[in-house]
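Asker:
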Amino acid sequence: MLRLALTVLIAVILAPPLLAQPCEQLINISRKERKVLKEYIRFCESKGFLKADTGIIMLHLRIDPLGQTEWYIGVSYKDYYTERKPPIGWSTVLGKPILWYNDLFLPNDPKLTNEEQTCLAQVVGTRVNKRPPPPQPRPILDIHGQPMFYKNGQPMMTSGRTIYGGGSGVDMHIIFKKDGSVSKLISV
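FYI, our numbering numbers position 169 of the sequence shown as 252, with every residue one higher than the one before it.
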């Protein structure tokens, strides 16, 4: 009986951290960074974004050649995070989830594993819209409704397009300068 009690006690103590481990990739942020993120969130809310528990913040972190930290930050309402490389972590500020990425774009980035997708789905919750799967390829038709062909005889095909946002007026480039100042540039 004592052995059973010890086994249950050990399971209760050790199991939660083991089960929660994949989702505990929180980023520790400084007071200054937290202040900048709060200002950004309030700016987005003033423009009509991030309201009613919708949207997530996607933050791309990099170091410029001068050694200054740069953030490329924007709001997303779609589940694009499932198509990108895995974030290095996530955090929340004012209740808004922030996904952190280690650079703007890198070729051949790994896709999210099923475990990471499950974890991110828990972090993001219902704040983003799930997009339907891409449509099946179909032939491109000419003005008479007939399929068009390449010179080699292959039919011209299309499967629709995906628009990746940007230019919303709330995308921002933030530079933490070496002298301690912060520079903010808003995209147009």
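Built from N, CA and C at the ideal position, the CB exists for glycine as well.
#1: How far does the beta strand (DSSP E) with Ile269 in it extend, from its first residue to its last?
#2: Going by DSSP, name the residue or residues bridged to Gly157.
#3: Roughly how many angstroms lie between the CA atoms of Leu268 and Arg125, to the nearest whole one?
#4: Is it right to say Met141 is buried, meaning 16 or more other beta carbons lie within 10 angstroms of its own, or is it exposed?
#5: So which of Ile258, Asn212, Lys115 and Asp136 has the shortest CA-CA distance to Tyr163?
#6: Taking the alpha-carbon positions, what's the Asp254 to Ser159 distance?
#7: Around the Cβ of Ile257, are there at least 16 other Cβ atoms within 10 angstroms (buried) or fewer (exposed)?
Answerer: So, to answer that:
#1: Per DSSP, Ile269 belongs to the beta strand (DSSP E) from Val265 to Ile269.
#2: Looking at the DSSP output, Gly157 bridges to Met141.
#3: Straight-line spacing of the CA atoms in Leu268 and Arg125 works out to 16 Å.
#4: The residue in question, Met141, is buried, as its Cβ has 16 or more Cβ neighbours within 10 Å.
#5: Selected option, being the one with the closest Cα: Asn212.
#6: Straight-line spacing of the CA atoms in Asp254 and Ser159 works out to 10 Å.
#7: It is buried - the Cβ of Ile257 has at least 16 other Cβ atoms within 10 Å.
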